[in-house]
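Just below is one structure, and these are the notes that go with it.
2 protein chains.
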Amino acid sequence: MQQVKMEVEQASLVLKLLGDKTRLTIMALLNIRELCVCELLEVFDMSQPSISQHLRKLKDAGLVKEERKGQWVYYSINKTSDAYPLLESVLHYIPEQTEKMEQIIKSNPTLRCGC
Amino acid sequence: MQQVKMEVEQASLVLKLLGDKTRLTIMALLNIRELCVCELLEVFDMSQPSISQHLRKLKDAGLVKEERKGQWVYYSINKTSDAYPLLESVLHYIPEQTEKMEQIIKSNPTLRCGC
DNA sequence: TTAGGATATAACTATTTGCTTATATGTTCA
DNA sequence: TGAACATATAAGCAAATAGTTATATCCTAA
Chain A
3 MQQVKMEVEQ ASLVLKLLGD KTRLTIMALL NIRELCVCEL LEVFDMSQPS
53 ISQHLRKLKD AGLVKEERKG QWVYYSINKT SDAYPLLESV LHYIPEQTEK
103 MEQIIKSNPT LRCGC
Chain B
3 MQQVKMEVEQ ASLVLKLLGD KTRLTIMALL NIRELCVCEL LEVFDMSQPS
53 ISQHLRKLKD AGLVKEERKG QWVYYSINKT SDAYPLLESV LHYIPEQTEK
103 MEQIIKSNPT LRCGC
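Those protein sequence lines, which keep their order, are chains A and B. For the first sequence, the working numbering gives the first residue as 3, with consecutive numbering after it. For the second sequence, the working numbering gives the first residue as 3, with consecutive numbering after it.
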């Protein structure tokens, strides 16, 4: 049923990244849709640099990719990563972060003006 | 297809434990069969206390259970753990540790005398 | 009952980690 | 062009982590 093994070393690095509550929640949110940094900031009780640093680690490991759209930088899950099958599998075991996602939608940080 | 979600907090704790090369390898070995501490010692280049401490963390999290058999303490995967489905799923993505298991069989540390 | 082997615990240390604040960089728009 | 916003990086710090050595505990067998 399953396939495409990773080396233990590589897998443990990915699992270590996912073994942090903040990063695991970020991945669960990105599993719903891509998000920009300011959207993620809405649902974590920590500073902007802290979120940026988590995202950098995830990006360095190839788990996410970034795309600048104007003044915002959007992050999304990198489905071409060798680790993607493992990641996807892990995400099956944690609940969808619908509450946090609603919080993002409600606050809508990329639309401050209302025009 | 998948089921029985864990809370993010609980899942991240389990993933953090698996996010260590030594512990992940231990779990992969225990996935083949139960092993005593002295058998595990054969395949890791570190001290006995270090292995014991890793096993303790895994036991505290409920991922493994221990059973004393005479002078040896055997560890095995705790299949009744809430985290077992996640663990099993993760282990699908890393290669079977057959080489290390052969090393254990060859050295056979629980049979020093040969009687 | 004591010696020796197997394992666990204690105490210590160096490294890593996750956060903070301060600051730099990049983008938009008046 | 420069003010304001979004994001990244730098530097520093406290806590967590993974290893070590020394020692305690538990079991077997002579």
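Just so you know, even glycine gets a beta-carbon here, dropped at the ideal spot from N, CA and C. All figures in this text were calculated on a predicted structure; none of them were measured in a lab.
To the nearest angstrom, how far is it from the Cα of residue i to the Cα of residue j?
i                 : j                 : result
CYS117 of chain A : LEU88 of chain B  : Because CYS117 of chain A sits at a pLDDT of 39, beneath the cut-off of 50, its placement in the model cannot be relied upon, and the following sentence gives the value as read from the coordinates. If you take the alpha carbons of CYS117 of chain A and LEU88 of chain B, they lie about 46 Å apart.
SER109 of chain B : GLU44 of chain B  : 7 Å
ALA13 of chain A  : ASP62 of chain A  : 14 Å
THR112 of chain A : LEU60 of chain A  : 23 Å
LYS102 of chain A : LEU31 of chain A  : 8 Å
ILE28 of chain A  : GLU41 of chain B  : 39 Å
GLU98 of chain A  : LYS7 of chain B   : 9 Å
VAL66 of chain B  : HIS56 of chain B  : 11 Å
THR100 of chain A : LYS71 of chain B  : 48 Å
GLN73 of chain A  : GLU104 of chain A : 23 Å
GLN50 of chain A  : GLU11 of chain B  : 21 Å
GLU90 of chain A  : MET48 of chain A  : 26 Å
CYS115 of chain B : GLU9 of chain B   : With a pLDDT of only 48 at CYS115 of chain B, under the threshold of 50, the placement of this residue in the model should not be trusted, and no figure is reported.
ARG58 of chain A  : ARG58 of chain B  : 32 Å
Quick check on residue i: does DSSP put it in helix, strand or coil?
i                 : result
GLU68 of chain A  : strand
LEU113 of chain A : coil
ILE79 of chain A  : strand
Short of 7 Å in beta carbon distance, which residues of its chain neighbour residue i, apart from the five on each side in sequence? Order them along the chain.
i                : result
GLY64 of chain B : ASN80, SER83, ALA85
PHE46 of chain B : THR24, ILE53
VAL92 of chain A : LEU20
ASN33 of chain A : ILE79, LEU93
Output needed for residue i: all residues of its chain with C-beta closer than 8 Å, excluding positions within five of it in sequence on either side, in chain order.
i                : result
VAL75 of chain B : CYS38, VAL39, GLU68, GLU69
ASP22 of chain B : HIS56
Kindly give me the distance between the Cβ atoms of residue i and residue j, rounded to whole angstroms, as I take these residues to be in contact under 8 Å.
i                 : j                : result
ILE106 of chain B : LEU26 of chain B : 17 Å between Cβ atoms; not a contact.
LEU17 of chain A  : LEU17 of chain B : 5 Å
In chain order, what residues of the same chain lie with their CB nearer than 6 Å to the CB of residue i, ignoring the 5 residues before and after it?
i                : result
GLU36 of chain B : TYR76, SER78
Residues in the region 82-115 of chain B having any Cβ partner in chain A nearer than 9 Å: ALA85, PRO87, LEU88, SER91, VAL92, HIS94, TYR95, ILE96, PRO97, GLU98, GLN99
Under 9 Å (Cβ pairs) to chain B, residues found in the region 24-41 of chain A: THR24, ARG25, LEU26, THR27, ALA30
The region 56-72 of chain A: positions lying closer than 7 Å to chain B by Cβ: none
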